[in-house]
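Read the structure below first, then the notes.
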Amino acid sequence: MEELPDIVGPDPAVVFCGQAGQDSPKTRDHYYATPGNSFWECLHLAGMSPTLLSPEDDRRLPELGLGLTDLVGRPGPDGVRYVADIDDLVAKVERWEPDWLAFTGKGAAQQAARALGRRPPKLLGATEWYVGRTQVFVLPGPSGANRRRDYDGRPTRVSWWRELAEMADLADFAGPDLEPSGA
Numbered sequence: 003m004e005e006l007p008d009i010v011g012p013d014p015a016v017v018f019c020g021q022a023g024q025d026s027p028k029t030r031d032h033y034y035a036t037p038g039n040s041f042w043e044c045l046h047l048a049g050m051s052p053t054l055l056s057p058e059d060d061r062r063l064p065e066l067g068l069g070l071t072d073l074v075g076r077p078g079p080d081g082v083r084y085v086a087d088i089d090d091l092v093a094k095v096e097r098w099e100p101d102w103l104a105f106t107g108k109g110a111a112q113q114a115a116r117a118l119g120r121r122p123p124k125l126l127g128a129t130e131w132y133v134g135r136t137q138v139f140v141l142p143g144p145s146g147a148n149r150r151r152d153y154d155g156r157p158t159r160v161s162w163w164r165e166l167a168e169m170a171d172l173a174d175f176a177g178p179d180l181e182p183s184g185a
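Residue 3 is where the sequence shown starts when you use the working numbering, and the numbers rise one by one after that.
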């Protein structure tokens, strides 16, 4: 599987970080392109985009002060399992200096925290740890497989995305607190 290039412009407010390899290779021409993934809908419903964007619009995110990267894995000592290349992520975040690094799922955040010697986050939301000078926020994953009645005490995933938008001063296009369709 070929890695997607980072999509980050100058002075990003938020850089979203997922885990490379979680999407099907057939749909990895763009970020968050698998069927059922609600990343783009969550982004819009949280008020961070004026219209509902599609995966093919991923290159437009820097215009909105947003960026995309992945926590890329490399073969581990056993040659089978992959481990996060945290050094690469840290170097990129320190170079970009976003206000927020938003992990799109607890799995990626927990993997990064462990690699950095931090206690893995158990809950969603703003964490007390930073990557360089960038504060970390943990979002509920947008995968279609992540559909439930409760997201750490909240009924919708979008409420967490909205909180990030407000903390990053990006909730310019916020509407009602709805859950993505199909949820």
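Even glycine gets a Cβ: it sits at the ideal position worked out from N, Cα and C. Given the structure is predicted, the values throughout are model-derived calculations rather than measurements.
What's the gap between the Cα of Asp-90 and the Cα of Asp-174?
Taking the sequence shown and counting its residues from 1, one reaches residue 90 at position 88. Taking the sequence shown and counting its residues from 1, one reaches residue 174 at position 172. Taking the CA atoms as reference points, Asp-90 sits about 32 Å from Asp-174.
Write down every uninterrupted run of the beta strand (DSSP E) in the stretch 33-65 whose length is 3 residues or greater and which is fully enclosed by it, in chain order.
With a minimum length of 3 residues, no continuous beta strand (DSSP E) run stays inside the stretch 33-65.
Does Leu-130 come out as helix, strand or coil in the three-state DSSP assignment?
As a position in the sequence shown, residue 130 is number 128, starting the count at 1. According to the sequence provided, residue 130 is Glu. The question's Leu does not apply to it. If DSSP states are grouped into helix, strand and coil, Glu-130 belongs with the strands.
Terminal residues of the continuous beta strand (DSSP E) containing Asp-72?
Here residue 72 corresponds to residue number 70 of the sequence shown, with the count starting at 1. Per DSSP, Asp-72 belongs to the beta strand (DSSP E) from 68-73.
For the alpha helix (DSSP H) that contains Ala-22, what are its first and last residues?
Translated into the one-based positions of the sequence shown, residue 22 becomes position 20. Membership of Ala-22 in any alpha helix (DSSP H) is not indicated, and neither H nor E is assigned to it by DSSP.
Can you list, in chain order, the residues of its chain with a C-beta nearer than 6 Å to that of Phe-139? Leave out the 5 residues immediately preceding and following it.
Position 137 of the sequence shown, counting from 1, holds the residue named residue 139. If we look at Phe-139 and ignore the five residues flanking it on each side, its Cβ neighbours are Trp-102, Ala-104, Ala-128, Leu-166.
Applying the 10 Å Cβ sphere with the 16-neighbour rule, what's the burial state of Ser-56?
Taking the sequence shown and counting its residues from 1, the one referred to as residue 56 is at position 54. By the neighbour-count definition (other C-beta atoms within 10 Å, threshold 16), Ser-56 is an exposed residue.
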